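Numbering (full-length UniProt numbering), first residue to last: 1 to 978.
To start, the structure under review is shown below, and the notes come after it.
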């Protein structure tokens, strides 16, 4: 099909087209299902099973085309539809009046479906062309025609075709209606004007202004200008015409973004290009606020799109270029604060397409030698020379990829460090506190919508964001420590326990170890007063339990302080109305309690005199100030209410404590689950490699006369090899971005933070109940990730302080699985299961051996205690493993009902070798010398329904001797059921 390339003015009427200018997606009436549409109405993300949307403009004669940028390679149908097409559960191409191409399944659709085209990938461009003179529809993929898809399409009076798409959940695309034959013409006149005006600005700045001096400086109340007045007046006249053009996304992306990128093309650091800072100064001085706001918003969104969808070759050069410009823009203080308040989101990971990985890793490799257990041999002895060359070429490609990714990650960290700047207070609130409030809201949205995936941040974004944020926070922490050497370093970081109960940090509706926050405030109010010098007003606690505090206020019921209150008017028996400053619009019962609790701080170490009380209230996140976080004279900020057991450790930047707390929460929300999903790629490589080797062996044994079998085997061989080529490159990318040594150290640091936080909270006694459950969950999950997800490329044993960390975690599991301060059944079960797994592996079992003897004996007593509501299966498992290592009279070296063991089965607790643990065995034996404990021990190890258990419960068993008990345990070693 031949298409004319006609250049038309935007305001000129074109024959054959009906609709408004500019052409966008019809988000008001032309859609079906749940979709998220970008602000520019050109990008769309599906958020239901199969959503559909069309454009605002249709065509009825002539030749037309539009482009679609594929952001994800999932299920989508792209094409054309008429106004008669009604989408219910069907998509574009599923009705008689619509035609579509599906690159995921490589098919075309018009009620019926047939094979057509090629498979697409994220980053590909699909061109949709319609010829209404000949009645044909054609599609192109990355500029290459896929051939005519449909002929003799419906035409005639009343029939016009709209660009349309149907896409599945989480799939996303971006439309371009003006790049070929224009449904929307490029604004040629505005483009020419914008280029010329920007050239004038550049000439004025480069010839009349000293580039080493800031053109503008923001004083306390007004701008201070440097330079000739004539120059500034000239710039003002230029901006009078230039500013309105910068509100249009097309001009911002084509003119301004390319101009700024051109400034950085010469290389060098971002600091070496002051022209960008001067230009942003002029924007804020000579443009209206709404103009500069819209310009910066469109500029940042354009950079984000370019970063995500540009090809990753050569060597991620495009991504690095866009990140450098983003860094240069964010170095401008006022621009940074506006973007942080209104535009910026968590860092976006790269979208990878197969073609880019082929360039970066041209040679693929996968294991071809396996031992008797079916595991990969790390250094096979019979590796051929060709295999060795392939493996080394693959490893070089992986290293080259890792180095380029490190450059991208370093730029992302620089961006986050700019956002964590707490010194830029000349134009209002510091960037760090804006970031902190936005970060907390981001966590709240993801925590409150865990059951609604459509509202969650994609987990791959969370993983990327978490690792960069950990590095940026640790850098800021270490910088603060260098200024104040006595303060806590990031290596010893933890979250002080007072953050969990002083109301300074909102934990939304997340569960505490001791139950609901309102219940803990009621039952532990005396402990708060005695240990943390915090008083809770009983009247406010009662009000917090009501469903609607506002209705309570409107009813006119005055809240009274108890008559026994020893201060103020209440001490004289008068009535106090509930203070108006305690009300808060924050939704949620837990939040309403935090917002209305009257908390009073008593001055410590004054037991003989009545303590001076300072009223403290909890504010919504958006209302907090720097003083509420960092504190000031007589105000500890986030550290308000330090318990007596907590050391008075100086903290240089208290805001970093809350960010660290948020990092722990973010790992619990979705990062750990995403780390587990990525392991599947390595398992798939192993399974396909085994299948390929098995197929090659069958080909070698296939008789020459069975050509039919040989043909099928060769087809399978080709499929397996293609799949392995793709998976091996994908695995290289994952190992560089997810499972690298640096990412392992991040997770290990997070594990240490959780362990220290739990230990400090445990020292507070009953106040330990205020600790959020997710700290224990993250401690257990982070250890599991380090042990199972990062190996064999990175071993946990190589981590600094590895054995000491395992010992601390073992002490936590041994103590808290039966801790009466923990009331949640789910977290108790998780602790029991973690301890059961802990005693199955040599390294972790030795860690249990190293905990103090008093804790070991206490753990044994808790294990041997009557069950109550504790699950007996895990308890039995732990007791038997502790008594004789494996716990069985025999064990399998591989699963008996499978020919070959799967890779993930190698780490199953039931398949671990016998471990020697004389200390724990001795502890069990010492406890069994006591006759009542001996009975409990046998009662615990034997299932309640067992006949022998009934015998042990009989009176005759009360006279059992320690020797008899030892005999029973020996029998249990031979067979678990007596």
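We put the beta carbon where it would ideally sit given N, CA and C, even for glycine.
Quick caveat: nothing in here was measured; it's all calculated off a predicted structure.
Look at residue 64 here: in three-state DSSP terms it is strand. The alpha-carbon separation between residue 816 and residue 535 amounts to approximately 28 angstroms. For residue 128 and residue 80, the gap between their C-alpha atoms comes out near 8 angstroms.
Shown here, residue 444 sits in a helix according to DSSP, grouped into three states. The C-beta distance from residue 397 to residue 434 rounds to 41 angstroms, too long to meet the 8 angstroms contact threshold. Residue state for residue 804 is assigned as helix, using DSSP reduced to three classes.
Around the beta carbon of residue 801, fewer than 16 other beta carbons lie within 10 angstroms, which makes this residue exposed. Per DSSP, reduced to three states, the secondary structure at residue 262 is helical. Within the segment 291-370, the complete alpha helix (DSSP H) segments at least 4 residues long are 317-330, 333-342, 354-360, listed from N- to C-terminus.
The Cβ-Cβ distance between residue 125 and residue 142 falls below 8 angstroms. Taking residue 287 as reference, the option from 263, 100, 238, 629 with the minimal CA-CA separation is 238.
Of the residues assessed, residue 63 falls on the buried side of the cut-off, its CB having 16 or more other CB atoms within 10 angstroms. The beta carbon of residue 115 sits closer than 7 angstroms to those of 106, 107, all from its chain and outside the five residues before and after it, given in chain order. Residue pairing by DSSP places residue 168 opposite 50 in a beta bridge.
Counting other Cβ atoms within 10 Å of its Cβ, residue 523 stays below 16 and is therefore classed as exposed.
Look at the beta carbons and you see the segment 642-652 touching the segment 491-511: at least three pairs across the two are nearer than 8 angstroms. Beta-bridge pairing by DSSP links residue 114 to 108. DSSP places residue 142 outside both helix and strand once states are collapsed to three, so it counts as coil. Secondary-structure assignment with DSSP links residue 386 through no beta bridge to anything.
The Cβ-Cβ distance between residue 335 and residue 296 falls below 8 angstroms. Residue pairing for residue 673: DSSP places it in no beta bridge. Taking 8 angstroms as the upper bound for CB-CB distance, residue 729 and residue 364 are in contact here, some 6 angstroms apart. Residue burial annotation: residue 163 is buried, with at least 16 other C-beta atoms found within 10 angstroms of its C-beta. Pairing residue 117 with residue 743, the inter-Cα distance amounts to about 40 angstroms. By the C-beta density criterion, residue 392 is exposed, having fewer than 16 other C-beta atoms within 10 angstroms.
The residue from 503, 259, 289 with its alpha-carbon nearest to that of residue 338 is 289. Counting along the chain, residue 36 sits inside the beta strand (DSSP E) bounded by residues 35-37. Between the alpha carbons of residue 78 and residue 120 lies a distance of about 12 angstroms. For residue 70, the beta-bridge partners assigned by DSSP are 173.
In the structure shown, residue 842 falls within a helical segment according to DSSP collapsed to helix, strand and coil.
Contact check for residue 323 and residue 444: beta-carbon distance about 28 angstroms, past the 8 angstroms limit, so the pair fails to qualify. Scanning its chain for C-beta atoms nearer than 6 angstroms, with the 5 sequence neighbours on each side dropped, one finds around residue 200 the residues 238, in chain order. Rounded to whole angstroms, residue 188 and residue 19 show a C-alpha spacing of 20 angstroms. By the neighbour-count criterion, in which 16 or more other beta carbons inside 10 Å mark a residue as buried, residue 86 falls on the exposed side. Within a 10 Å sphere around the beta-carbon of residue 718 sit fewer than 16 other beta-carbons, which makes this residue exposed. With distances taken between CA atoms, residue 533 lies nearest to 764 out of 42, 518, 764.
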